[in-house]
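Read through the structure below, which is laid out as structure tokens, and then see the notes.
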Amino acid sequence: EAQVTQNPRYLITVTGKKLTVTCSQNMNHEYMSWYRQDPGLGLRQIYYSMNVEVTDKGDVPEGYKVSRKEKRNFPLILESPSPNQTSLYFCASSPSSGIGTQYFGPGTRLLVL
Amino acid sequence: DAKTTQPPSMDCAEGRAANLPCNHSTISGNEYVYWYRQIHSQGPQYIIHGLKNNETNEMASLIITEDRKSSTLILPHATLRDTAVYYCIVRVGDNNDMRFGAGTRLTVKP
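For the record, the sequence lines run as chains A and B. Numbering-wise, this note's numbering puts 264 at position 61 of the first sequence, and it's gapless, one number per residue. Numbering-wise, this note's numbering puts 1503 at position 44 of the second sequence, and it's gapless, one number per residue.
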């Protein structure tokens, strides 16, 4: 089944403790991205990647890192999480950067205490 | 990207057609209209997109006015499972940053 998977789905952590949210897609898509969703603010793009080893900042990249060493994986790294990073995170993939048909993962709900 | 305006909420009776409007009066000639929906807190789901012509797929129909300043998403026979927030997005190719606004919360009632 074609899908985007994220792990973990739920995470409670404390301020400053490094964490990684994994994202994987099995559709051989070139384009991948991360969003966060907060009440009243909609979805906002954090980082995106047009292909392996190519990443760029979205609208709200501060406090996050990403890497794209393989086509299928696009992990989101929070080196030192803070409470304002408590949010619902979505990973998405698309066949290429010029196509707006994105496939979203199920989401990761993060709570930073 | 062009800004879109959608009503915050709509109701629809089960089995009837749901018509969700979207205004995008500043749309440019090369900007596509995309529709996504989000059921509860699940990941957004692509529905349909179009440039100028009306489009139909197994999920919905998209009607774009001739001047392209507005569009309507039609769910022909709404079911309770169609209850969701529907997002209308206008974007240009190349950058996949989909600017999701507040959307329209559609409630399908029995």
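Backbone N, C-alpha and C fix where the C-beta goes; we use that ideal spot for every residue, glycine too. What you are looking at is a predicted structure, and each value in this text was computed from that prediction instead of being measured.
Does any residue of chain B have a CB that is nearer than 8 Å to the CB of residue i?
{"i": "Pro-309/A", "result": "yes"}
{"i": "Gln-288/A", "result": "no"}
{"i": "Thr-321/A", "result": "The requested residue 321/A does not occur in the structure, where chain A is confined to residues 204 to 316."}
{"i": "Cys-279/A", "result": "The sequence as given places Leu at residue 279/A; Cys does not occur at that position. Chain B contact via Cβ: absent."}
{"i": "Leu-291/A", "result": "yes"}
Return no unless some Cβ of chain A is closer than 8 Å to the Cβ of residue i.
{"i": "Gly-1560/B", "result": "yes"}
{"i": "Pro-1503/B", "result": "yes"}
{"i": "Arg-1550/B", "result": "yes"}
{"i": "Met-1518/B", "result": "no"}
{"i": "Ser-1529/B", "result": "no"}
{"i": "His-1508/B", "result": "yes"}
From the DSSP secondary-structure annotation, give me the bridge partner or partners of residue i.
{"i": "Tyr-250/A", "result": "Trp-237/A, Lys-260/A"}
{"i": "His-1536/B", "result": "According to DSSP, His-1536/B bridges with nothing at all."}
{"i": "Met-169/A", "result": "Because chain A here runs from 204 to 316, residue 169/A falls outside it and cannot be looked at."}
{"i": "Glu-1514/B", "result": "Leu-1521/B"}
{"i": "Val-217/A", "result": "Note: Val-217/A sits in no beta bridge, so no partner."}
{"i": "Lys-272/A", "result": "In the DSSP output, where bridge partners are listed per residue, Lys-272/A has none listed."}
{"i": "Arg-1550/B", "result": "Tyr-1491/B"}
{"i": "Val-207/A", "result": "Gln-228/A"}
Between which two residues does the beta strand (DSSP E) holding residue i run?
{"i": "Ser-1520/B", "result": "1520 to 1523"}
{"i": "His-1508/B", "result": "1504 to 1509"}
{"i": "Leu-1479/B", "result": "1477 to 1482"}
{"i": "Phe-293/A", "result": "290 to 297"}
{"i": "Leu-1565/B", "result": "1563 to 1568"}
{"i": "Asn-287/A", "result": "Counting along the chain, Asn-287/A falls outside any beta strand (DSSP E), and DSSP gives it neither H nor E."}
{"i": "Leu-314/A", "result": "311 to 315"}
{"i": "Ala-1472/B", "result": "1468 to 1472"}
When Cβ atoms are compared, which residues of the stretch 1468 to 1498 of chain B fall closer than 9 Å to chain A?
-> So the close ones are Tyr-1491, Tyr-1493, Tyr-1495, Gln-1497.
Inter-stretch contact at 8 Å, needing at least 3 Cβ pairs: the stretch 206 to 224 of chain A / the stretch 245 to 264 of chain A | no
Counting pairs of Cβ atoms below 8 Å between the stretch 1539 to 1546 of chain B and the stretch 1492 to 1504 of chain B, do you hit three or more?
-> yes
Assess, as a yes-or-no matter, whether the stretch 1486 to 1495 of chain B is touched by the stretch 249 to 257 of chain A under the definition of 3 or more beta carbon pairs within less than 8 Å.
-> no
Which residues, in chain order, does the stretch 214 to 235 of chain A contribute to contact with chain B at a C-beta distance below 7 Å?
-> Tyr-234
Flag this pair as touching only if the stretch 269 to 281 of chain A and the stretch 226 to 240 of chain A have three or more C-beta atom pairs under 8 Å; answer yes or no.
-> yes
According to a CB-to-CB cut-off of less than 9 Å, which residues of the stretch 238 to 267 of chain A neighbour chain B?
-> Going along the stretch 238 to 267 of chain A in chain order, one finds Tyr-238, Gln-240, Gly-243, Gly-245, Leu-246, Arg-247, Gln-248, Tyr-251, Met-253, Gly-261, Asp-262 with a Cβ nearer than 9 Å to chain B.
Touching by the beta-carbon criterion (3+ pairs, under 8 Å), the stretch 1526 to 1544 of chain B and the stretch 1556 to 1565 of chain B | yes
Taking contact to mean at least 3 C-beta pairs separated by less than 8 Å, is the stretch 1504 to 1512 of chain B in contact with the stretch 291 to 306 of chain A?
-> yes
So, do the stretch 1517 to 1528 of chain B and the stretch 292 to 301 of chain A have three or more beta carbon pairs nearer to each other than 8 Å?
-> no
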